[in-house]
Every structure is written in C-alpha cells, then in structure tokens.
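Residue numbers (my numbering), protein chains in the order written: chain Z, 105 to 458; chain Y, 105 to 458.
Heads up, the beta-carbon is just placed ideally off N, CA and C, and yes, glycines get one too.
First the structure, in the form of structure tokens, and then the observations on it.
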C-alpha cells in the first residue's frame with residue numbers, strides 16, 4: 105500500500121472490522137446480532153408501495169415522517185429526533201458534534217469496538233476505563249473530569265446492563281459535557297434512558313432499527329436528545345451529507361416504528377429464546393452473564409474462545425470472537441430462532457465432548 | 105440556539121442548503137437537477153426482488169456486486185471503485201481522505217457550494233479561485249503550489265465544461281497532490297476523465313447515479329481511482345460507517361449500471377430537450393451558456409435573477425437561484441420533460457411581457 109496521497113490525518117487509522125458476512129455457504133449466522141425474525145410485513149408493503157418512478161426524486165432531507173413516527177413512539181417532540189444511515193453513522197456524527205480534541209472522552213475498555221475508531225478518526229483524546237472483572241461498570245470512575253462519556257447500555261459484547269440510577273449518577277456528575285448512551289440493544293430488556301431526557305440536557309440516546317426492528321439491511325439509526333443537541337448533530341450531517349436516508353429506508357422506518365404489536369411479539373420471542381439458551385449453556389458448564397440484549401456472552405473453562413469459535417465454524421455455525429485482551433476466552437453469540445439455538449447448543453455439547 | 109454542548113470544532117459551521125423539496129403543492133420541479141425520466145424498469149424489479157425477509161441481515165459492507173458492475177461499465181478493476189451513500193458522502197470522505205490541514209485545497213469561486221462546506225467541516229485550508237467572467241476556468245491558476253485540486257466537470261451551476269486536455273495539464277502540474285474531478289453531470293455530454301486514470305495516480309473521479317441514472321431517491325455515488333486512492337477512502341469509510349449502502353440501494357445500483365440501453369436512451373432525450381430549450385430561451389433574449397449537463401445556466405438583461413425565480417414560483421415552477429456574488433442574476437434550470445420545458449419557456453415569455 106502506497107500512502108503517498110493519503111491525508112496525514114488518516115495514515116495511522118485502523119478501521120473497524122465488522123462481523124463476517126459469508127457469501128459462499130449457508131451458515132447459522134449468530135455473529136452479527138441480526139434479528140432471526142423478518143421485518144414486519146408492513147415494512148415490506150411500505151417499500152413496495154414506495155418503489156416506483158418517484159425514486160428519481162431526492163428523499164426528504166429532513167426525514168420528517170420518520171422523525172414524527174420515532175417521536176411518537178419515544179414520547180418526545182420531533183425536533184428531539186435525529187435520523188441517520190444506521191446507528192454507526194449517527195454515533196460517528198455525534199462524536200464529531202459533541203467532543204473536542206484535548207478534552208478526554210471516556211468509555212469502557214470492553215465495549216463496542218467502533219468507539220475508539222471514531223476517536224482516532226477525529227483525533228479526539230480518549231481513555232478506556234477498565235470494567236470490573238465481572239464486566240460490570242465501575243460507575244465511580246465515570247463521575248466527572250472528562251470531555252464526554254460514552255456508555256453502551258446494555259453493553260456490547262458483554263450484554264450487561266447499567267441501571268438507570270447509575271446512568272443518572274453519571275449524568276449528574278458530568279453536567280457540562282455530553283453523556284451518550286448507545287441503546288442499540290436496549291429493546292431486549294434494558295431500561296431506556298429516554299425518560300431522563302426531560303431532566304438532563306447533556307444526555308443523548310442513540311438507537312437503531314437494525315436489531316429489534318429486524319432492519320439491519322436498511323441502515324436506519326436515530327438519536328434522541330434536547331433540541332440543542334439534535335441541532336448539533338444536524339449541523340454536522342448537513343455539512344457532510346444532506347440525504348443519508350433513501351426513500352425506501354424512510355418508508356421502511358416509518359412502517360417499522362408504527363407496527364408496535366409486531367415489534368413486541370418478536371422481541372418477546374427473542375428474550376424467551378435467550379433465557380432458554382442461557383439455561384442450556386449453563387447446564388453444559390458455560391459461564392453465561394445475564395443479558396438484556398439479543399446476544400449472550402459466554403465462556404467455558406474447558407476450551408479457549410478462539411478454538412471453540414473455529415470448531416463451531418466447522419460445523420456451520422458462526423459466532424463472534426474478539427482478539428482483544430481480557431475477553432479472548434469469551435464468545436458473543438447472537439440469539440437466533442429456537443431451532444438455531446438448539447443446533448448451537450448441540451454443537452457445543454458435541455465439541456466439548458458431552 | 106444554545107451551543108454549550110457543541111464541539112468547539114463545529115460552532116462556526118454553516119451547513120450546505122439543498123434545493124427545496126416542497127411537500128404542500130405540485131410544482132414543475134426544475135430546481136434540484138433530478139432526472140425527469142423514471143429509473144430503468146429493471147431497477148424497480150431488482151428492488152422488489154430484494155425486498156423480502158433478508159432485510160433483517162446486514163448488507164455487503166464491501167458492495168462487491170455493485171463495484172463489479174461499475175468497474176465493468178467504467179473499464180477499470182473492482183479495486184479501483186469506491187461506493188458510498190450518494191456522491192455527497194463520497195465527496196466528503198474524499199476530502200477527509202486526501203487533504204491535510206495547512207495544505208491549501210483549491211477550487212473555483214463559482215462551483216458546487218458543498219466544497220467549501222466540507223473544508224470548513226474538516227478544518228481544511230482552501231482558496232476559491234475566481235472563474236473568468238464567462239465562467240470558464242482559468243487553468244493557469246490551478247497549476248501547482250497547492251494541497252489538492254477539486255474540479256466539477258461539467259461545472260455546477262454554470263454547466264461549462266473543461267476539455268480533457270486542460271484536466272491533463274492540471275494533473276501534470278500537481279503530481280504530488282490529489283486532483284478530484286466531480287463528474288456528477290458528465291453523462292450529459294462531457295468527456296469523462298476516467299480514461300486518464302491509467303496515466304495519473306493522483307486522479308480520482310467522483311460520479312453519482314442520482315442524475316443520469318434517475319436514482320436521486322436511492323443515494324448511490326461512487327469514486328474511481330487508483331487502488332491506493334480507493335484504499336484511502338475505504339479506510340475513512342470503514343472508520344465511520346461500515347455499511348453506507350442498504351440492500352435495496354445495492355440491488356438498485358447494479359440494475360441501473362447494467363441497463364445501458366435505457367441509460368443511453370434517457371440521457372439522449374435530456375440532451376435533445378436541453379438544446380431545444382436553449383434555443384427557445386435565446387430567442388426570448390436570455391443569455392444561455394452551452395451546457396454539457398442536465399441543466400442550463402441562464403440570465404436575462406430585463407430582469408433580476410431573484411425576481412424571475414419568484415415569478416416562476418408563483419406560476420408553479422421551481423428553479424434554483426443562488427444568493428451569491430457574481431451569479432445573483434443567473435438561474436440554474438434543470439432539464440425536465442419536453443412538456444415541462446415548454447411550460448417553463450411559456451412562463452418566462454409571459455413574465456417578461458412577451
């Protein structure tokens with residue numbers, strides 16, 4: 105690679121690595137936290153109705169209808185909602201909008217691995233604060249003296265949840281900087297911080313339709329915060345890309361947010377499957393943390409994480425292993441259908457010589 | 105607006121303003137350079153075939169099929185192609201990937217008004233070089249001594265084209281910095297610089313499917329350059345948003361690139377309508393520059409630009425007026441269907457008291 109023409113700012117970057125998206129073979133895919141259930145039938149209908157000659161026209165740059173649908177669901181005003189091309193883009197825009205070089209942003213050492221990538225991309229200063237040994241968050245280490253706080257709740261890849269009382273403590277101890285709570289997985293059993301918005305002008309909550317709304321393929325994410333915070337993200341977005349959501353994504357997003365019964369039904373199924381899977385895995389000798397997300401974080405005393413991942417792959421099952429300190433013996437396993445999870449548990453049993 | 109929580113980096117930003125997308129009334133919409141013809145029927149078919157339960161899965165982060173289709177059309181290798189969420193996003197990523205603060209980027213004073221916005225967003229140094237009075241580019245002022253060059257060809261909003269011989273001179277005089285040629289409108293009659301890629305490792309060409317492929321609603325843009333330049337844009341993209349193109353946009357893009365006969369037919373119609381419209385407007389006393397794009401840049405000695413824009417709006421016709429020095433008496437008029445352009449010309453005649 106010749107980097108002669110690369111900006112000096114990007115020569116040292118190590119990009120984020122998404123989970124594998126295999127093209128060659130049919131796997132049981134438990135590696136990227138996708139929802140095993142299809143999107144609401146209303147979503148597919150909305151897309152079909154929108155896919156006509158109007159695609160020659162630009163989409164609404166303000167995503168007005170989608171903001172209204174999200175605002176209604178979340179119980180906030182439309183000017184408290186920002187919509188973007190997946191929550192990854194929303195997070196990236198938030199990092200740029202709220203954090204300033206020279207003012208250290210803090211997040212846990214074990215969390216969504218895109219956070220340090222954004223900070224490197226934008227040349228922000230940051231500190232990764234070590235989680236406790238049981239992967240709980242040492243709240244007292246997030247109480248002030250920094251330039252911003254980022255908390256994934258429930259945390260990825262651990263699945264552990266921080267109670268709202270602790271989020272509150274962090275918000276109150278950081279009144280002059282933004283506290284970003286990434287709730288990509290909160291719909292699977294965690295308490296959302298959105299109700300705290302009326303009390304804390306420094307709070308922004310980031311959500312996605314990829315997981316609990318089964319729309320990873322459509323790239324729809326959003327942020328909810330005070331109008332002043334949302335205006336900041338809008339300012340960056342409108343200085344970078346006026347139309348991040350295409351016409352079909354906008355239509356799909358509205359239909360997904362409005363079909364609350366389908367959302368409730370599918371997330372309840374995933375939570376039930378998760379609890380059943382956790383029980384089986386514990387009976388096989390795995391350590392399984394309580395999870396409020398659509399994945400389990402597991403380890404087994406008899407086998408290294410990477411070896412187990414590879415053995416599962418040979419059996420046609422993909423799970424996520426992270427080559428990172430402290431979690432090398434752990435695997436993150438997305439909750440699939442009951443059948444998929446039974447196949448997964450059976451494969452684990454076979455591999456472990458049960 | 106309270107900017108207390110805004111990053112210091114963004115407090116002075118003035119975002120890009122896209123053309124009006126009216127919701128309340130049916131206009132003849134000649135203000136945002138959309139294509140009056142629908143996308144290829146194959147595009148709509150491809151979208152319908154892709155819109156099923158697979159939307160629960162992430163799209164291909166590498167856009168492999170779309171890159172292959174673009175590479176085939178452009179006569180380059182797939183690793184010379186970068187795909188993004190509309191050419192605005194592609195341009196933004198390129199500005200970050202190739203230009204370094206302290207090294208002045210140059211572009212004309214009258215050009216796509218997003219360029220200075222990107223430079224402000226990323227705190228790049230830049231200089232706007234005045235076009236000649238007839239809106240031609242003073243090539244000699246772009247020959248070296250800067251940190252990067254951005255040329256929109258054909259230029260927006262003027263429609264004027266730079267011949268490849270001049271692009272060549274600029275490339276040769278700037279061997280150590282990237283020359284970005286934005287060809288958003290090149291399919292309507294300009295010579296593409298893509299054939300120069302084999303000679304100039306400092307060239308990157310940015311294109312869009314919004315205009316000549318009638319897909320503004322789907323947000324698909326791409327860049328073509330050497331593998332080393334494409335790798336730089338990829339590095340920034342993968343540090344910001346792994347999946348900028350959703351599954352339906354990827355499918356739509358492939359179908360659009362592959363339906364060459366439809367593309368040839370519709371762009372030929374637009375060019376024919378453009379020439380007929382230019383002739384009529386000249387007969388009404390307008391100054392109309394030759395255009396190689398899907399718009400005309402026009403002025404009339406008897407009426408100020410803004411007054412004419414407002415008078416057209418009252419008659420249900422939207423055109424673009426820019427409140428900027430040197431072009432306040434000019435209007436940018438997108439080429440619509442023959443019927444739309446006849447209505448536009450008739451309205452002009454009426455307004456001007458013909």
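Runs of 4 residues minimum, wholly inside the stretch 237–314 of chain Z: which ones carry the alpha helix (DSSP H) assignment? 268–277
For a quick check, are the C-beta atoms of residue 292/Y and residue 311/Y less than 8 Å apart? no
In or out: residue 105/Z buried (at least 16 other Cβ within 10 Å) or exposed? exposed
Taking Cβ positions only, does residue 444/Y come closer than 8 Å to chain Z? no
Select from the stretch 280–313 of chain Y all residues with a C-beta closer than 7 Å to any C-beta belonging to chain Z, and list them in chain order. 282, 306
One or two residues paired with residue 187/Z in a DSSP bridge: 326/Z
Which stretch, first to last residue, makes up the beta strand (DSSP E) that contains residue 210/Z? 209–212
What are the boundary residues of the alpha helix (DSSP H) that includes residue 437/Z? Premise fails: residue 437/Z lies in the beta strand (DSSP E), 435–438, not in any alpha helix (DSSP H).
Does the distance from the CB of residue 201/Y to the CB of residue 339/Y come in under 8 Å? yes
For the alpha helix (DSSP H) that contains residue 418/Z, what are its first and last residues? 409–418
Could you tell me the distance, in whole angstroms, from the CA atom of residue 363/Y to the CA atom of residue 154/Z? 21 Å
Using DSSP with H/G/I as helix, E/B as strand and the rest coil, what is residue 424/Y? strand
Quick check on residue 427/Z - is its C-beta less than 8 Å from some C-beta in chain Y? no
Using CA atoms only, rank isn't needed, just tell me which of 447/Y, 441/Y, 410/Y is closest to residue 419/Y. 447/Y
Quickly, what does DSSP pair residue 227/Y with across the bridge? List them, please. In the DSSP output, where bridge partners are listed per residue, residue 227/Y has none listed.
Using a Cβ-Cβ distance under 8 Å, would residue 237/Z count as near chain Y? no
Between the Cα of residue 258/Y and those of 250/Y, 268/Y, 251/Y, spot the shortest distance and give me the residue it belongs to. 268/Y
How far does the beta strand (DSSP E) with residue 448/Z in it reach, from first residue to last? Taken as a continuous stretch (DSSP letters only), residue 448/Z belongs to no beta strand (DSSP E), being part of the alpha helix (DSSP H) at 442–455.
Can you tell me whether residue 232/Y is helix, strand or coil according to DSSP? strand
Does any C-beta atom of chain Y lie closer than 8 Å to the C-beta of residue 186/Z? no
Strictly below 7 Å CB to CB, what residues from chain Y border residue 201/Z? 110, 111, 114
Assign residue 287/Y to one of two classes, buried (16 or more other C-beta atoms within 10 Å of its C-beta) or exposed (fewer than that). buried
Can you list, in chain order, the residues of its chain with a C-beta nearer than 8 Å to that of residue 239/Y? Leave out the 5 residues immediately preceding and following it. 214, 259, 262, 264, 393, 401
Chain Y contact residues for residue 120/Z, given Cβ-Cβ distances below 8 Å: 342, 343, 346
Sorted by chain position, which residues of the same chain lie with C-beta nearer than 7 Å to residue 135/Z's C-beta, five sequence neighbours on each side aside? 123, 124, 422, 423, 424, 438
Alpha carbons only, please: which of 436/Z, 445/Z, 127/Z, 323/Z is nearest the one belonging to residue 352/Z? 323/Z
Give the residues from the stretch 127–144 of chain Z that approach chain Y closer than 9 Å (Cβ to any Cβ), ordered along the chain. 127, 133, 136, 138, 139, 140, 141, 142, 143
Counting only the same chain and skipping the five closest in sequence on each side, list residues whose C-beta sits under 7 Å from that of residue 203/Z. 209, 228, 251, 252
CB of residue 197/Y within 8 Å of CB of residue 190/Y, strictly: no
If we cut at 8 Å on Cβ distances, does residue 377/Y have a partner in chain Z? no
How long is the line joining the alpha carbons of residue 457/Y and residue 376/Y, rounded to whole angstroms? 27 Å
Since residue 367/Y is in the alpha helix (DSSP H), which residue starts that stretch and which ends it? 364–387
Measure the C-alpha to C-alpha separation of residue 307/Y and residue 378/Y and round it to an integer number of angstroms. 30 Å
To the nearest whole angstrom, what separates the beta carbons of residue 221/Y and residue 120/Y, a pair I think is in contact under 8 Å? 5 Å
Please decide whether residue 189/Y counts as near chain Z, where near means a Cβ-Cβ distance under 8 Å. yes
Can you tell which of 205/Z, 345/Z, 444/Z has its C-alpha closest to the C-alpha of residue 380/Z? 444/Z
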